[in-house]
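Novice: Protein chains in written order, with this note's numbering: chain A, 88 to 434; chain B, 443 to 807.
Idealized CB from N, CA, C, for every residue including glycine.
Encoded as structure tokens, here's the structure I'll be asking about.
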Amino acid sequence: MTIVPVCPSPILQHETVQMAHGAGGRLSQTLMQRVFMPHLHNAFLDLLDDQAKLDLPAGRTAFTTDTYVVSPVFFPGGNIGELAVNGTVNDLSVGGATPIYLSAGFVLEEGFSLVELETIVKSMAEAARKAEVMIVTGDTKVVGKGQCDRIFINTSGIGIIREGVNLSCRNLQPGDTIILSGTVGDHGMAIMTSREGLSFQSRITSDCAALNAMIAAVLDVVPSVHAMRDPTRGGVAATLNELAVSSAVGIEINETAIPVKPDVRGACELLGIDPLHVANEGKLVLAVAGEYAGTVLDLLRSCEPGRDAVIIGSVVNDHPGMVVMRTAFGSRRIVDLPLGEQLPRIC
Amino acid sequence: MKYIDEYRNPQLARKLLDEIRRKTTRHWTIMEICGGQTHSILRNGIDQLLPDTIELVHGPGCPVCVTPLESIERALLIASRKDVIFTSFGDMLRVPGSSKDLFMVRSEGGDVRIVFSPLDALQIARDNLQKEVVFFAVGFETTAPANAMAVYQAAREGILNFSVIVSQVMVPPAMRAILSSPDNRVQGFLAAGHVCAIMGYAEYEPVARDFHVPIVPTGFEPVDLLAGILKTVELLEEGRAEVVNRYGRVVSREGNLVAQETIGKVFEVTDRQWRGIGLIPGSGLSLRADFSQYDAEKKFDVTHICTSESPLCMSGSVLQGILKPDDCPAFARECTPEHPLGATMVSSEGACAAYYNYHRNAYLL
């Protein structure tokens, strides 16, 4: 038996996040060098300054921020890291901006697995590479056990707005066509069915994806699109209501046109939840003058995240501020904002 | 999707609607019992497609809506305790008590958890032996078997840190109460399919006979509902006060005997208060004496309850089919899903919530 001499110096190799990882000392440096930098390093981050000094291309700047607190952190089809990159990329893109730079702020719970953290950082790097954006500045804080749920990530982003493009939720006009880039409810139901306490297995995967390439493909050809939104929390129903209210127009949609994957539909049926109220993370709702609808539809379908794109309705003069659905039976009903948390029914 | 798409088939629905129009010679008022049916009717706009002579009024079959305010106040008190994990179906969390709801209790630090089955609540009790785990056992005959099974299983395993607040109600006594009211307008019923799946439909035969009304066990999909309405119209037109099943793929005359036996082992029939309606004799279930140690209301001393209902809320009349939700002066004014005056505006099965979600400003549709 060999006796290995043990040196009584502080342990720098941990398996989990320690309070000291956020204290700015040697453990903080270790975390940077071993977990963050190998995956995220670039000309800006490598300088290790407190700020990134950026030269922005000409044009108006779009700036956005979002905080990601998803539970579970790893879900079918993605994790909190790629969600944080793609979400901010999409928030810039739907404003007609080309996303360029992102920041990333991490709040880590004491005891969170470093292996899992590295997996998350790695997928952020991969998502940023795919979306052709750079994470140029960042920050890490550690909070005590129970003070946050494993990991929260904030990302902010800067993009340059394309010339000749004016996308706004106030721009809808009667006669516009409403287009949806694919199936609804995939992300929300992937999360809900993978949460503890729901004892059924499903194959539903999140649609988490960056939409900037697809949006660029559309705007290159049809820069006159009136509005774009990514229907995240509150789902397509909330997005359409926001558009109708902001533009003071009515929106009419057709029930039979809304694409829902069979598994998502099944889970929604079981839980008594409307797929139109469920979050998406890789979908686009857009409004465009009717004459360009066919072109936009073809452009969306030529891109991977938009291959199931469909026309779901139109903008009308009637019932301003209200979204109305024509049902499969020819009757009409209001499509309302969801009230808050989606609650499964009793029976 | 099997068992869904064929019952949402627009061609089939149109055929049934044509048939209803052909068979109807006069005005008929039909009540659908279950809030799930109400929501399906409003969501699919079935009321808009029916001839004007067929009036649908909405029944009391919303468990959240009829759970008495006293039970909700007790639940709020128990859920606020530091030693308690309070478990409930999600739908109950937003139901207002006199001054708050379970969501507010949670935001104040109460451990309130949504479960999908009472057996999940029992599992939480097994996993948290140092805590008291309480389940809010609300519902009609549909939820009674699983709620009974949770208590039965707890007793079998000797799990002592589990208890239930029971607010179980039953449909046939409520139908009798509605039909006995001097204000009653209901001439025929669509019975609640899922209640009948448990209890069968034989127990509706005396109601049909005593009050001379046709009763048709009916499902929840548009084609189911239209088939149920058609059969009710046929029976009304022919003057036949019979029970005819139109949910054959789920409901039998005897129902689910194993489930009924489980209910009988754990629960006994009792008088019960219905929120907005009042006391209906023999309309509820309570724990049998053998299981009284699982009664959360006895376990925790929460007997002195003061409650106050909004004087504007007319949910009692709505639940009995006397008023439609939008007949209420407070509807979509003082009373909205954000600021509900009564439970019918909150629940996913509540008639007022259905009107608000799908039909408010109906003149615009």
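1. Taking Cβ to Cβ, would you say Thr103(A) is nearer than 9 Å to Gly198(A)?
2. Measure from the alpha carbon of Ile399(A) to the alpha carbon of each residue in Leu363(A), Ala184(A), Lys140(A) and Gly183(A), then state which is nearest.
3. May I ask you to verify whether the stretch 698-718 of chain B touches the stretch 559-572 of chain B, counting CB pairs closer than 8 Å and requiring at least 3?
4. Taking Cβ to Cβ, would you say Met279(A) is nearer than 9 Å to Val365(A)?
5. Across which residues does DSSP place Leu511(B) in a beta bridge pair?
6. Looking at Gly690(B): is its Cβ nearer than 9 Å to the Cβ of Val611(B)?
7. Under a CB-based cut-off of 9 Å, is Gly718(B) close to chain A?
8. Could you check whether the Cβ of Ala354(A) sits closer than 9 Å to any Cβ belonging to chain B?
9. How about Leu426(A): is its C-beta nearer than 9 Å to some C-beta of chain B?
10. Return yes when the Cβ of Ala592(B) is within less than 9 Å of the Cβ of Ala809(B), no when it is not.
11. Between Thr270(A) and chain B, is the shortest Cβ-Cβ distance under 9 Å, so that the two count as touching?
12. Does the beta carbon of Thr280(A) sit closer than 9 Å to a beta carbon anywhere in chain B?
13. Three-state secondary structure (DSSP) at Pro425(A)?
14. Let me know if Ser96(A) comes out buried or exposed under the rule of 16 or more other beta-carbons within 10 Å of its beta-carbon.
15. Considering only their Cβ atoms, is the gap separating Ile167(A) from Ile265(A) smaller than 9 Å?
16. If you reduce the DSSP assignment to three classes, tell me which class Tyr800(B) lands in.
17. Does Ser757(B) get closer than 9 Å to chain A when you measure Cβ to Cβ?
18. Can you tell me where the beta strand (DSSP E) holding Tyr188(A) begins and where it ends?
19. Go to Met221(A), then tell me how far its beta strand (DSSP E) extends in each direction, as first and last residue.
20. Run through DSSP, which three-state label would Cys638(B) get?
21. Which same chain residues end up closer than 6 Å to Ala191(A) when comparing Cβ atoms and leaving out the 5 residues on each side of it in sequence?
22. Measuring straight from C-alpha to C-alpha, what distance separates Ala374(A) and Asp361(A)?
23. From the DSSP output, in three-state form, read off His126(A) for me.
24. So which of Cys476(B), Ala517(B) and Thr509(B) has the shortest CA-CA distance to Leu498(B)?
25. Using a C-beta cutoff of 9 Å, does Leu761(B) count as contacting chain A?
26. Go ahead and label Glu680(B) buried or exposed: buried means 16 or more other beta carbons lie within 10 angstroms of its beta carbon, across all protein chains shown.
27. In chain B, what lies closer than 7 Å to Thr414(A) by C-beta?
28. When you compare the CB positions of Arg464(B) and Val665(B), do they come within less than 9 Å of one another, or not?
29. Any idea what DSSP makes of Ala733(B), helix, strand or coil?
30. Taking 9 Å as the threshold (C-beta atoms), are Ile620(B) and Gly792(B) in contact?
31. Is it buried or exposed for Ile98(A), if we count other Cβ within 10 angstroms and need 16 for buried?
32. Please name the residue in Thr227(A), Glu368(A) and Met412(A) whose C-alpha comes closest to that of Ala110(A).
33. Can you give me the start and stop residues for the beta strand (DSSP E) that Val575(B) sits inside?
34. Using a Cβ-Cβ distance cut-off of 9 Å, determine whether Asp423(A) contacts chain B.
35. Buried or exposed for Ile447(B), going by 16 or more other Cβ atoms inside 10 Å?
36. Are any of the Cβ atoms in chain B nearer than 9 Å to that of Ser289(A)?
Specialist: Concretely, from the data shown:
1. yes
2. Leu363(A)
3. no
4. yes
5. None; Leu511(B) has no bridge partner.
6. no
7. no
8. no
9. yes
10. No answer is possible for residue 809(B): it lies beyond the span of chain B, which begins at 443 and ends at 807.
11. no
12. no
13. coil
14. No answer about Ser96(A) holds up, because its pLDDT of 49 lies below 50 and its placement is not dependable.
15. no
16. helix
17. no
18. Ala184 to Glu196
19. Met221 to Val230
20. helix
21. Ile222, Gly225 and Thr242
22. 23 Å
23. helix
24. Cys476(B)
25. no
26. exposed
27. Asn486 and Gly487
28. no
29. According to the sequence displayed, residue 733(B) carries Phe and not Ala. If DSSP states are grouped into helix, strand and coil, Phe733(B) belongs with the helices.
30. no
31. Caution is warranted here: a pLDDT of 49 is assigned to Ile98(A), below 50, making its placement in the model unreliable, and the coordinate value is therefore given only provisionally. Answer is exposed; the Cβ neighbour count stays below 16.
32. Thr227(A)
33. Glu574 to Gly581
34. yes
35. A small correction: the amino acid at residue 447(B) is Asp; Ile does not occupy that position in the sequence shown. So Asp447(B) ends up on the exposed side.
36. no
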